[in-house]
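Notes to accompany the following structure.
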Amino acid sequence: MILTGVYSTVIDWIQEGSRVLDLGTGDGTFLARLIEEKNVQGEGVEIDMDLVASCIEKGLTVHQGDILDGLDQYSSGSFDYIILLGTFQELVDPNYVLEEVFRVGKRLIIGYSNFAYWKSRLQIVFKGKTPITDSMPHPWYKSPNIQYFSIRDFHDFCAYQKFFIVEEACFSKERSVSMWPNLFADQAVAMLERA
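When the letters of the sequence shown are read in order and numbered with the numbering used here, they come out as residues 7 to 201.
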């Protein structure tokens with residue numbers, strides 16, 4: 007579940023009139039808002055046919071398929087921004103997906119849940135179980151997530167992959183978190199460029 011504050015932050019970061027591809031578009035509510043508020047040329051990719059139908063009803067251009075199928079349809083440099091909110095931790099091969107993302111787009115905006123959030127840590131220590139929180143609401147056996155990582159892990163990943171973090175914001179519920187975000191934020195969003 008992506009927080010409203012994350013969506014508002016992403017909208018603030020995107021330049022007016024940009025070309026945007028939203029991977030994992032869902033029902034299209036966010037993409038429609040982005041088009042309305044920032045006058046972007048927006049497209050989406052969504053695997054769920056019912057959600058694609060919802061997007062089409064909103065007048066959006068959305069392709070049905072998984073993320074890799076969606077990226078394969080585009081030539082290099084097609085977009086200014088690629089948006090990947092809440093689906094990065096569901097990817098089987100995130101390295102390959104990001105190679106394709108940076109082939110197709112200049113900047114990536116990525117949102118994810120922080121596995122090192124204090125409530126998650128307490129559940130692991132005291133219950134000895136995989137945590138269930140507002141941002142990770144499913145038990146492990148029903149979760150779409152296959153990658154569990156923290157904000158600090160994400161920073162290490164970016165350094166290893168030579169991605170530059172242009173912008174970053176961390177949240178707990180709807181509040182922005184600036185002090186010790188790896189402990190106190192349950193979600194983060196970052197804008198990346200290739201270094």
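Virtual Cβ for every residue (Gly too), placed ideally from N, Cα, C. Predicted model only: the values in this text are computed from it and were never measured.
Would you call residue i buried or exposed, if buried means 16 or more other Cβ atoms sit within 10 Å of its Cβ?
i: Tyr166; result: exposed
i: Val98; result: exposed
i: Asn101; result: exposed
i: Ser119; result: buried
i: Met197; result: buried
i: Ser184; result: exposed
i: Pro187; result: buried
i: Gly34; result: buried
i: Asp192; result: buried
i: Val172; result: exposed
i: Leu9; result: Note that Leu9 has pLDDT 49, beneath the 50 cutoff, so the model's placement of it is unreliable and no number is given.
i: Gly111; result: buried
i: Ser81; result: exposed
i: Gly23; result: exposed
i: Gly83; result: exposed
i: Phe132; result: exposed
i: Glu49; result: buried
i: Gly6; result: Not covered by the structure: residue 6. The range shown for the chain is 7 to 201.
i: Pro143; result: exposed
i: Ser182; result: exposed
i: Gly134; result: exposed
i: Met7; result: Low per-residue confidence applies at Met7: pLDDT is 48, beneath 50, and the placement is therefore not dependable, though the value from the model is reported in the following sentence. Classification for Met7: exposed.
Can you check whether the CB of residue j is closer than 8 Å to the CB of residue i?
i: Phe169; j: Ala201; result: yes
i: Leu29; j: Ile62; result: no
i: Val51; j: Thr31; result: yes
i: Gln70; j: Gln153; result: no
i: Ala38; j: Leu66; result: yes
i: Phe121; j: Phe163; result: no
Please report the Cβ distance between residue i and residue j, rounded to the nearest whole angstrom; I am assuming they are in contact, meaning their Cβ atoms lie under 8 Å.
i: Asp78; j: Arg113; result: Incorrect: roughly 20 Å between the Cβ atoms, too far for contact.
i: Trp124; j: Phe190; result: 6 Å
i: Val26; j: Ile20; result: 7 Å
So, does the region 8 to 19 touch the region 81 to 96, judging by three or more C-beta pairs under 8 Å?
yes
* Below 8 Å, can you find three or more Cβ-Cβ pairs linking the region 122 to 129 to the region 33 to 47? -> No, the region 122 to 129 is not in contact with the region 33 to 47.
Quiz prompt | Minimum length 4: unbroken alpha helix (DSSP H) runs contained in the region 8 to 34 | solution = 10 to 19
- Task: Write down every uninterrupted run of the alpha helix (DSSP H) in the region 54 to 120 whose length is 4 residues or greater and which is fully enclosed by it, in chain order.
- Result: Secondary structure in the region 54 to 120: the alpha helix (DSSP H) runs of 4 residues or longer, each lying completely within the stretch, are 55 to 63, 73 to 78 and 100 to 110 in chain order.
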